[in-house]
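Heads up, the thing below is written out as structure tokens.
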Amino acid sequence: NLIVRCDVCGLIVIWRKKSIESRGGETAIRIGMEYISETGLRLDGRRVLESRNIFCEIGINPKSDGSARFEIGNTKCIASVYGPREARYHRDTIHDRAIVKCEFNSVHFSQSTRTTSRKNDRRSNDSAEIIRETVESVLLLHLYPRSQIDISVEVLQSDGGELAAAINCVSLALIDSGCPMKDFICASTSGLIDNTPLIDINYAERGANGPVLLIAALPKSQKIITMQMEHKLELKNLDRCIELGLQGVSQVYEILQETVRKNALQKFQSREQLGV
-8 NLIVRCDVCG
2 LIVIWRKKSI
12 ESRGGETAIR
22 IGMEYISETG
32 LRLDGRRVLE
42 SRNIFCEIGI
52 NPKSDGSARF
62 EIGNTKCIAS
72 VYGPREARYH
82 RDTIHDRAIV
92 KCEFNSVHFS
102 QSTRTTSRKN
112 DRRSNDSAEI
122 IRETVESVLL
132 LHLYPRSQID
142 ISVEVLQSDG
152 GELAAAINCV
162 SLALIDSGCP
172 MKDFICASTS
182 GLIDNTPLID
192 INYAERGANG
202 PVLLIAALPK
212 SQKIITMQME
222 HKLELKNLDR
232 CIELGLQGVS
242 QVYEILQETV
252 RKNALQKFQS
262 REQLGV
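Numbers -8 to 267, taken from the numbering used here, label the letters of the sequence shown in order.
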């Protein structure tokens, strides 16, 4: 094995020798990254069923009707909600419910790899569509006919799990805006590396090209709203990945719920001080 230690952060990376090939008298050694140590720890020190550290904040954008910041590890995003309000264009109006529009943007310097602008646009549009469809199934849109709800998401820093983080951030922003919802909507990722199940896949672990499953669900009922798979996954492992994804959803829900409670308590105390 080849062991490399980072002089800056002290992180130790183990590279396993995969095979030795001979080409024209030269010997080529192919090595692969060892993502899980013999002690069961991942590259960032987490255990296989452990999410990254999560930080949440509500009400960061006073110009919006609702806003939030969500960080999980080094992945950071903000979301703002505007509305419900009158639809911008009459042709978009639906007489018996509100419509939802979503924009998803990733700040260029936040990305770990460089991709073409067209590819980024396609990914952003796909992510925006997934977020829109996800929140539409949770919002009580029939209470606001002929109205429009606009959602804006920006990824400030990217280290894996951006779409799941964006969904969690939007959930908090919608709660902050007062839009009626059936429940929180929480998202997490799960996957397999070397047949080992993991929760909350980061950017480095995505390099293993193993299957990654995104799950967005209602935490109380465990009802799955959105599920997206990257790479191939054997059918026998699907149930296990879904189970782990829901376990990650529960971990996120506990933190989101506590954040909302603290925010509500702060608002209540502020009103008491003002005598309202």
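Glycine included, every Cβ here is placed at the ideal spot set by N, Cα and C. This one's a predicted model, so the numbers in the text were calculated from it and none came from an experiment.
Asked: Taking the C-alpha atoms as reference points, what is the distance between Asn57 and Ala164?; Found: Checking the sequence, you will find Gly at residue 57 rather than Asn. Near 5 Å, if we compare the C-alpha coordinates of Ala164 and Gly57.
Asked: Let me confirm a value: Thr180 is counted as buried when at least 16 other C-beta atoms fall within 10 Å, else exposed. Which label applies?; Found: buried
Asked: Rounded to whole angstroms, what is the Cα-Cα separation between Lys258 and Leu209?; Found: 26 Å
Asked: Tell me where the beta strand (DSSP E) around Ser71 begins and ends.; Found: 66 to 77
Asked: By the three-class DSSP mapping on this structure, what secondary structure does Gln257 have?; Found: helix
Asked: Should the segment 141 to 154 be called in touch with the segment 87 to 97, which here means at least 3 C-beta pairs below 8 Å?; Found: yes
Asked: Does the segment 226 to 238 come close enough to the segment 25 to 38 that 3 or more CB-CB pairs lie under 8 Å?; Found: no
Asked: Use the C-beta contact count for Ala255: other C-beta atoms within 10 angstroms, 16 or more gives buried, fewer gives exposed.; Found: exposed
Asked: Could you check which residue in His86, Gly201, Ala155 has the C-alpha nearest to that of His222?; Found: Gly201
Asked: Taking Lys54 as the reference, which of Arg43, Tyr73, Ile63 has the closest Cα?; Found: Tyr73
Asked: Starting from Ser168 and walking both ways along the alpha helix (DSSP H), at which residues does that stretch end?; Found: 153 to 168
Asked: Express the C-alpha separation of Leu189 and Cys47 in angstroms, rounding to a whole number.; Found: 23 Å
Asked: Beta-carbon within less than 8 Å of Arg38's beta-carbon, same chain only, minus the 5 sequence neighbours each way: which residues are those?; Found: Gly31, Leu32
Asked: Figure out for me which residue from Ser42, Leu147, Arg114 has the closest Cα to the Cα of Gln238.; Found: Ser42
Asked: Counting along the chain, where does the alpha helix (DSSP H) carrying Ala89 start and finish?; Found: Neither: Ala89 is in no alpha helix (DSSP H) and is coded neither H nor E.
Asked: Distance check for Gly50 and Gln264, CA to CA, integer angstroms please.; Found: 19 Å
Asked: Is it buried or exposed for Leu205, if we count other Cβ within 10 angstroms and need 16 for buried?; Found: buried
Asked: Once the 5 residues before and after Glu127 are set aside, which same chain residues still bring their CB inside 7 Å of it?; Found: Val91
Asked: Have a look at Glu169 and Leu132 and give me their C-alpha separation to the nearest angstrom.; Found: In the sequence as displayed, the identity of residue 169 is Gly instead of Glu. So the alpha carbons of these two residues sit roughly 13 Å apart.
Asked: Since Val129 and Ile176 should fall inside the 8 Å C-beta cutoff, what is the C-beta to C-beta distance between them, to a whole number of angstroms?; Found: 5 Å
Asked: So who's on the other strand from Val203, going by DSSP bridges?; Found: Gly182, Glu221
Asked: Taking Cβ positions, are Gln148 and Asp83 nearer each other than 8 Å?; Found: no
Asked: Please report the straight-line C-alpha distance between Asn52 and Leu183, rounded to a whole angstrom.; Found: 38 Å
Asked: Count the other CB atoms within 10 Å of the CB of Thr250; is the residue buried (16 or more) or exposed (fewer)?; Found: buried
Asked: Buried or exposed for Arg197, please, with buried defined as at least 16 other CB atoms from any protein chain shown within 10 angstroms of its CB.; Found: buried
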